[in-house]
Amino acid sequence: MSYEYFPNFYDALMDEELYDNWFTFATPYLPRKGGKVLDVACGTAELAVRMAKRGFEVTGIDLSEEMLSVASDKAFQEDVSILLLQQDMSEMEQLGDYDLVTCFCDSLNYLETEEAVHGTLLSVYKNLKADGVFLFDVHSVYKIDHLFKNYSYGDSDEEISCIWNSFEGEFPHSVEHELTFFKQNLDGSYHRYDELHKERTYPVEWYQKAIHDAGFSKIKICADFTDFEPTKTSERIFFICEK
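Residues 1 to 243, numbered by full-length UniProt numbering, are exactly what the sequence shown covers, in order.
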């Protein structure tokens with residue numbers, strides 16, 4: 001998905017604590033200092049910057065040119081070196097041999113077809129070292145089918161306001177998010193921006209088979225930033241995949 005306006009508001013709307021949680025979750029799997037990390041669907045590089053600051057050689061890829069532009073500015077401001085590339089994760093090129101690959105923030109859910117998910121898993125596998133690890137998370141079927149159903153959220157401050165409404169999507173276990181932003185102009189008036197985001201997930205068993213088919217030898221599954229196995233009401237499912 002290519003964002004038009006969202007990257008300009010992304011960091012203001014996202015909870016920074018979530019990125020701390022993702023980094024904490026990834027910490028046990030980080031390579032030694034100087035190791036190579038690939039952040040797939042890196043967005044504005046919040047996680048990539050954290051990793052670069054800790055001495056890792058970081059590459060970030062994203063389909064959105066707009067996201068990468070914000071990420072580049074952020075890396076410059078934080079005085080860290082990150083290789084940023086515009087890539088489709090489902091058709092990712094051979095970029096190197098990485099110790100760790102991450103794909104957080106339910107980014108796989110933005111892929112609209114099963115084939116795209118399979119393509120991403122295969123692409124990641126090819127970019128990992130022999131003993132490399134791939135970490136990713138997705139929304140659970142429960143969250144997509146129940147919590148996002150007719151979901152509505154609003155947030156505002158003096159500069160940016162957001163209205164977020166979610167509706168059932170066209171595929172099983174899918175959702176469509178209608179986002180409306182209001183950004184204050186210099187004269188005090190507001191300009192409106194609208195975007196439509198689509199997400200789709202699958203049962204845990206489907207992901208297990210897809211990961212196995214891609215060639216990964218070991219799979220660990222947990223939920224909601226913990227080491228515990230998912231329950232029927234878990235919202236975010238995490239996969240630890242060893243090559």
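Quick reminder that beta carbons are idealized off the backbone N, C-alpha and C, glycines included.
- Under the criterion of beta carbons closer than 8 Å, L100 and V49 do not qualify as touching, at roughly 16 Å.
- Between the region 14-33 and the region 92-108 there are three or more C-beta pairs closer than 8 Å, enough to call the two in contact.
- With respect to F148, S123 sits apart: the two C-beta atoms are not nearer than 9 Å.
- Just so you know, the alpha carbons of E199 and F216 end up roughly 25 Å apart.
- For the pair S140 and A75, the CB atoms are not nearer than the 9 Å cut-off.
- With contacts defined by Cβ atoms closer than 9 Å, L108 and A41 form a contacting pair.
- As the crow flies, the alpha-carbon of F181 is around 25 Å from that of Q86.
- By the Cβ-count criterion, Y19 is buried, with 16 or more other Cβ atoms from all chains shown falling within 10 Å of its own Cβ.
- Within the same chain, Cβ atoms closer than 7 Å to the Cβ of Q94 are found at K126 and N127, the five residues on either side in sequence being excluded.
- The Cβ atoms of H173 and I144 sit closer than 9 Å to each other.
- S189 has its alpha-carbon roughly 53 Å from the corresponding atom of D213.
- Per DSSP, R54 lies in no alpha helix (DSSP H) segment and is marked neither H nor E.
- Collapsing the DSSP output to three states places F239 in a strand.
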